[in-house]
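Everything below concerns the one structure shown next.
In full-length UniProt numbering, the protein residues as written are 1 to 205.
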């Protein structure tokens, strides 16, 4: 790997630390060549601390190590993307990231959809006459309870199987979307989310 440690006068390059699983950015540090070599050798992320003016292995005091998975160099050879498996919170303030965010997995639009479903579930817990949206389909499902939601998942699963045996791709994809949508509602009704299912799959892998 050709890293240009001489591009800056201090011999340091930025190292962006990213969780290998969730892809969330955890922190930003700086490495000189010695820190890079030590990281590669020990598989524990080591920086050059500008405040301490020495090498500093993340977790050497707290035990919250960053276990190295991979290092990539950018197109200008002067910025590193370091993939890690974090052991405990990354920030010295005790948070998962240095931006105070939780290091939860993000599934793009599906995570947004989970957020909307969660809001509808909270709305179902409000008296009907006090609800902002009195015509929400998802709220009506939560109102009817777990049996109705589970029934809808079963119905959508059967319809998906039926369409899978035909050649109409549009209908198959639409039924697949309906199945996934209602499954997300069922997960929320049971108090779970996609990340819980993914965790189970990861444990099986």
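Cβ coordinates follow ideal geometry from the N, Cα and C atoms, glycine included.
Since we're looking at a predicted model, the values are computed, not measured.
Looking at the strands, I want to know which residues DSSP matches up with residue i.
| i | result |
| --- | --- |
| residue 86 | 66 |
| residue 57 | 46 |
| residue 15 | 29 and 80 |
| residue 73 | 80 |
Under 6 Å Cβ to Cβ from residue i, same chain only, skipping five residues before and after it: list those, please.
| i | result |
| --- | --- |
| residue 214 | Past the edges of the chain, shown from 1 to 205, lies residue 214, and the structure says nothing about it. |
| residue 35 | 46, 47, 48 and 55 |
| residue 201 | none |
| residue 159 | 175 |
Residue i: buried (16+ other C-beta within 10 angstroms of its C-beta) or exposed?
| i | result |
| --- | --- |
| residue 10 | exposed |
| residue 130 | exposed |
| residue 37 | exposed |
| residue 42 | exposed |
| residue 1 | exposed |
Tell me the rounded alpha-carbon separation between residue i and residue j.
| i | j | result |
| --- | --- | --- |
| residue 186 | residue 124 | 14 Å |
| residue 203 | residue 88 | 19 Å |
| residue 197 | residue 4 | 42 Å |
| residue 139 | residue 121 | 6 Å |
If I'm right that residue i touches residue j with Cβ under 8 Å, what's the distance once you round it to whole angstroms?
| i | j | result |
| --- | --- | --- |
| residue 24 | residue 79 | Not really, about 18 Å apart at Cβ, beyond 8 Å. |
| residue 66 | residue 59 | 7 Å |
| residue 82 | residue 15 | 5 Å |
| residue 73 | residue 19 | Not really, about 19 Å apart at Cβ, beyond 8 Å. |
For residue i, verify whether its CB is less than 8 Å away from any heavy atom of the ligand SAH.
| i | result |
| --- | --- |
| residue 151 | The ligand SAH is absent from the structure shown, which contains no ligand whatsoever. |
Looking only at its chain, what residues have a beta carbon closer than 7 Å to the beta carbon of residue i, apart from the 5 residues adjacent to it on each side?
| i | result |
| --- | --- |
| residue 143 | 124 |
| residue 164 | 172 |
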